[in-house]
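J.:
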DNA sequence: CGAACACTTGATGTGTTTCAAAGGTTGTGG
DNA sequence: CCACAACCTTTGAAACACATCAAGTGTTCG
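Residue numbers (our numbering), protein chains in the order written: chain A, 8 to 260; chain B, 8 to 260.
1) Starting from residue 74 of chain B, follow the beta strand (DSSP E) in both directions and report where the run begins and ends.
2) Let me know the secondary structure DSSP gives residue 230 of chain B once reduced to three states.
3) Are the Cβ atoms of residue 157 of chain A and residue 195 of chain A separated by less than 7 Å?
4) How long is the line joining the alpha carbons of residue 65 of chain B and residue 98 of chain B, rounded to whole angstroms?
5) Please go through the same chain and pick out, in chain order, the residues whose beta-carbon is closer than 7 Å to the beta-carbon of residue 9 of chain B, but skip the five residues on each side of it.
6) Compare the C-beta of residue 90 of chain A against all C-beta atoms of chain B and say whether one is closer than 7 Å.
7) At 3 residues or longer, what runs of the beta strand (DSSP E) sit wholly inside the segment 122-149 of chain A?
8) Specify, as a first and last residue, the run of the beta strand (DSSP E) that residue 118 of chain A falls within.
9) Got a sec, what are the start and stop residues for the alpha helix (DSSP H) residue 218 of chain A sits in?
10) Is residue 12 of chain B buried or exposed, if buried means 16 or more other CB atoms sit within 10 Å of its CB?
11) How big is the Cα-Cα spacing for residue 215 of chain B and residue 248 of chain A?
12) Just tell me which of B:47, B:67, B:154 has its CA closest to the CA of residue 126 of chain B.
13) Going by the DSSP bridge assignment, what does residue 235 of chain A pair with across the sheet?
14) According to DSSP, simplified to helix, strand and coil, what is residue 110 of chain A?
15) Between B:100, B:166, B:73, B:169, which lies nearest to residue 28 of chain B when the distance is taken from Cα to Cα?
16) Could you give the DSSP three-state label for residue 21 of chain B: helix, strand or coil?
17) Residue 179 of chain A lies in the alpha helix (DSSP H); which residues open and close that run?
18) For residue 87 of chain A, which residues in chain B fall below 8 Å Cβ to Cβ?
19) Quick one: is residue 169 of chain A buried, meaning 16 or more other Cβ sit within 10 Å of its Cβ, or exposed?
20) Could you give the residue range of the alpha helix (DSSP H) that holds residue 46 of chain B?
21) Out of B:50, B:254, B:30, B:106, state which residue places its alpha-carbon closest to the alpha-carbon of residue 153 of chain A.
22) Quick check: the segment 76-89 of chain B against the segment 159-176 of chain B, are at least 3 beta-carbon pairs closer than 8 Å?
23) Would you please verify whether the beta carbon of residue 97 of chain B is less than 7 Å from any beta carbon of chain A?
24) Can you give me, in chain order, the residues of the segment 223-245 of chain B that have a beta carbon less than 7 Å from any beta carbon in chain A?
25) Which bits of chain B does residue 71 of chain A rub up against, with CB to CB less than 8 Å?
26) Does the segment 22-40 of chain A come into contact with the segment 174-193 of chain A, if we say contact requires no fewer than three beta-carbon pairs (one atom in each stretch) closer than 8 Å?
27) Grab the span of the alpha helix (DSSP H) containing residue 243 of chain A for me, first residue to last.
28) Determine which residues share a DSSP beta bridge with residue 52 of chain A and list them.
29) To the nearest angstrom, how far is it from the Cα of residue 3 of chain A to the Cα of residue 174 of chain A?
30) If residue 121 of chain A sits next to residue 53 of chain A, beta carbons under 8 Å apart, how far is it from one beta carbon to the other, in whole angstroms?
31) Going by DSSP, which residues form a beta bridge with residue 63 of chain A?
32) Find the residues of chain B that neighbour residue 203 of chain A, judging by a C-beta separation of less than 9 Å, and give them in chain order.
33) Under a three-way DSSP split, which group does residue 80 of chain A fall into?
34) For residue 228 of chain B, count the other beta carbons within 10 Å of its own beta carbon; 16 or more makes it buried, fewer makes it exposed. Which is it?
35) With three or more C-beta pairs closer than 8 Å as the rule, is the segment 86-97 of chain A touching the segment 129-143 of chain B?
36) Relative to chain A, which residues along the segment 164-190 of chain B have a C-beta separation below 8 Å, given in chain order?
Written out as C-alpha cells, the structure is:
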C-alpha cells in the first residue's frame with residue numbers, strides 16, 4: 008500500500024541514484040545500501056532548466072525538493088523596488104527548496120546560470136525520511152547548518168570587508184566550491200556576469216568593474232567573454248583574509 | 008543501562024523541562040509527553056553567564072549544545088584585524104552551538120548582552136535524538152533552516168538597503184523577535200549599544216548615531232540610557248520595506 | 001541591420017567613514 | 001566620598017570609498 012511511485016526500476020530515470028555520478032566524488036560521504044534504496048524511492052522525477060530560467064520563485068508553495076545534478080544556479084531576494092541581493096551560488100550536489108518545504112513558502116528565488124538538471128523529491132515523503140532513516144535526517148540538519156555557516160561568512164564580507172577584499176573573497180569562495188563539487192575539470196571558469204558579482208557583494212556594477220580590474224592587474228584572475236577565470240585562488244583567499252572552506256565528508260540526498 | 012546522567016529527578020535542575028516557562032508561550036509548539044521525557048533526559052545541566060561574558064568562542068570544540076532560558080546574547084565573527092560583524096541576536100528559546108556540534112568547530116562566537124541562563128545538552132546524545140525521536144530531528148532541521156532564512160534577510164539588508172532602511176529593519180526585526188519570545192512584558196526596550204547596531208549593519212559608529220537620530224526625529228524609536236525603545240514597530244517595518252516575521256508554531260528543544 | 005546585452009571608462013556627486021573632541025554615566029579603589 | 005578610568009553617546013569637520021550619470025565599444029542573435 009501507500010502506493011506512491013511504485014515499480015521503481017533502476018532504469019526509470021536517466022540518472023538512477025545507484026549510479027549517480029555525484030557519489031563518485033570525494034567530498035561526499037558514502038551511503039549504505041539501505042540509504043541509497045530509500046533515496047532512490049524518495050526521488051520522483053528529473054527536471055531540466057535552461058540558462059536564465061527561474062527554478063523557484065519567492066512566495067511559491069512548492070511540493071518538491073531538488074538536488075542539483077549538473078549546472079550552476081544562484082539564490083536571490085528582491086526588494087520591492089527591484090534591488091537584488093544574491094545570497095549564494097548553487098552547484099551540483101546542493102539541495103534546493105528545503106526552507107520552502109519546512110516552512111511552507113519560499114522566501115527567495117533561484118535562477119539557472121547554465122543549463123541545469125535537477126533531481127526531484129516529494130516533500131510529502133520528508134517525514135518518512137526522518138522516521139525511517141535517522142542518518143538522513145541528520146544529514147538534512149547538517150546541510151542546513153552548513154548553509155548557515157556560509158551565509159555567516161558572506162554577511163561578514165558584505166558587512167565588514169572592503170570592496171577589494173569582498174571581491175577576492177567571493178571569487179576564491181566560488182572557486183573552492185566548484186573544486187569540491189568536481190565542476191570545472193581542467194578549467195577554472197565561473198559562469199557569471201559582473202552584475203552577479205555586484206549583486207552578491209552589495210556593490211554597484213561600475214565599481215565592481217573597477218575592482219575586478221584591480222584584481223586582474225594583480226594577476227589574481229582574468230575576466231573572459233562571459234565569466235571569470237581564477238588564476239591564483241590562494242592569492243585571492245589571502246587578500247580577503249579568509250580561512251577557506253574546511254569541509255569534511257559532505258552529505259547529500 | 009546506558010547509565011549516563013541517571014537518577015534524573017524532576018527537581019534536579021532549577022528549571023525542570025516539564026515546568027519550563029518557555030513552553031507556556033504561544034509561538035512554541037506543544038510537545039508530547041514522550042518528547043518531553045527525552046528532552047529532559049537529554050539535558051545535562053544549567054549555566055549562567057554575566058552580561059559581557061563570552062559564551063562560545065570561534066574555533067572552539069564544544070561538547071555541548073545550549074538553549075537559552077532567559078536573557079539576551081548575540082552571535083558574531085571577527086576579521087583578523089578586529090573588525091566585527093554581528094550575525095544575529097539570541098533570545099529565550101533559541102538554540103546555540105548546533106553548527107559546532109555538527110561540524111566539529113564553532114565558526115562564530117557568542118556574547119551575553121544581559122545576564123543569561125542556559126540549558127546544557129550533551130552533544131553525544133544528538134545521534135540518539137535523531138534515532139529515537141524523528142519529530143525532534145525534524146525540529147532541529149527546522150531551526151537551522153529558520154536561522155538560514157533570517158540570515159538571508161539580514162544579508163539583503165546589509166547588501167542592498169540604505170543606512171536608514173537597514174536601521175529601521177533591524178530595530179523592527181529585534182522588536183518582533185522579542186515580542187514572540189515573550190521578552191519585554193510591557194516595555195519594549197532592547198538592551199544593545201549603538202556599537203552593536205553599527206556592527207550588525209556594517210556601518211560606522213558615528214553614522215549609526217546620526218541615522219538613529221533621524222529615526223527618533225520621526226518618533227519611530229527613542230534611545231535610552233543603555234538600549235533602545237521602540238515607539239512604532241509598524242512604522243519601522245514599513246520604512247524598511249520589510250514583510251515582517253511570519254512565524255507559525257516554532258519548535259524548540 | 002537593429003536590438004539587446006555585457007563590459008569599459010571618465011566625470012561628477014554623495015553617502016559614509018575617519019578624525020577629533022567633549023559631555024554624561026557608571027564603577028572602582030584609595 | 002572623591003578621583004580616575006572606562007564606557008557610551010553626541011557633534012562638527014574633513015576625507016574618501018563608492019554610487020550615479022553618461023557615453024562608447026564589442027558581441028550575440030533574431
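Glycine included, every Cβ here is placed at the ideal spot set by N, Cα and C.
T.: The answer reads as follows:
1) It spans 71-77 - the beta strand (DSSP E) in which residue 74 of chain B sits, taken as one unbroken run.
2) The answer is strand: DSSP assigns residue 230 of chain B an E or B state.
3) Not closer than 7 Å, so no.
4) For the pair residue 65 of chain B and residue 98 of chain B, the Cα-to-Cα distance works out to about 20 Å.
5) Only weak support is given to the placement of residue 9 of chain B: the predicted model assigns it a pLDDT of 42, under 50, and the question is left unresolved by the model.
6) Yes, contact with chain B.
7) If only complete runs of 3 or more residues are kept, the segment 122-149 of chain A shows the beta strand (DSSP E) at 123-129, in order along the chain.
8) Per DSSP, the continuous beta strand (DSSP E) segment holding residue 118 of chain A begins and ends at 116-119.
9) Start and end: 212-224.
10) Bear in mind that a pLDDT of 43 at residue 12 of chain B, under 50, signals an unreliable position, so the model cannot answer this.
11) Going by the C-alpha atoms only, they are around 26 Å apart.
12) Cα-wise, what sits closest to residue 126 of chain B is B:47.
13) DSSP lists A:197, A:230 as partners of residue 235 of chain A.
14) In the structure shown, residue 110 of chain A sits in a helix (DSSP, three-state: H, G or I).
15) That would be B:100, whose Cα lies nearest to the Cα of residue 28 of chain B.
16) It is coil, neither helix nor strand.
17) Per DSSP, residue 179 of chain A belongs to the alpha helix (DSSP H) from 170-187.
18) Neighbours of residue 87 of chain A on chain B, chain order: 248.
19) Flag for residue 169 of chain A reads exposed.
20) First-last of the alpha helix (DSSP H) with residue 46 of chain B: 40-49.
21) It is B:106 whose Cα lies nearest to the Cα of residue 153 of chain A.
22) No, the segment 159-176 of chain B does not touch the segment 76-89 of chain B.
23) Residue 97 of chain B does not count as touching chain A.
24) Those would be none; no residue qualifies.
25) Chain-ordered listing is empty here: chain B has no CB closer than 8 Å to the CB of residue 71 of chain A, the nearest sitting near 16 Å.
26) Verdict: yes, contact present.
27) In this chain, the alpha helix (DSSP H) harbouring residue 243 of chain A covers 240-247.
28) For residue 52 of chain A, which the question treats as bridged, DSSP gives the partners A:127.
29) Look at the range of chain A in this structure, 8 to 260, and you will see that residue 3 of chain A is not part of it.
30) Going by Cβ atoms, the distance from residue 121 of chain A to residue 53 of chain A rounds to 17 Å, so no, they are not a contact pair.
31) Per DSSP, A:117.
32) Chain B residues near residue 203 of chain A: none, gap ~13 Å exceeds 9 Å.
33) Residue 80 of chain A falls in the strand class under three-state DSSP.
34) Burial state of residue 228 of chain B is buried, judged by a 10 Å Cβ sphere holding 16 or more other Cβ atoms.
35) Contact between the segment 129-143 of chain B and the segment 86-97 of chain A is absent: fewer than three C-beta pairs spanning the two stretches fall below 8 Å.
36) Listed by position along the chain: 165, 166, 167, 168.
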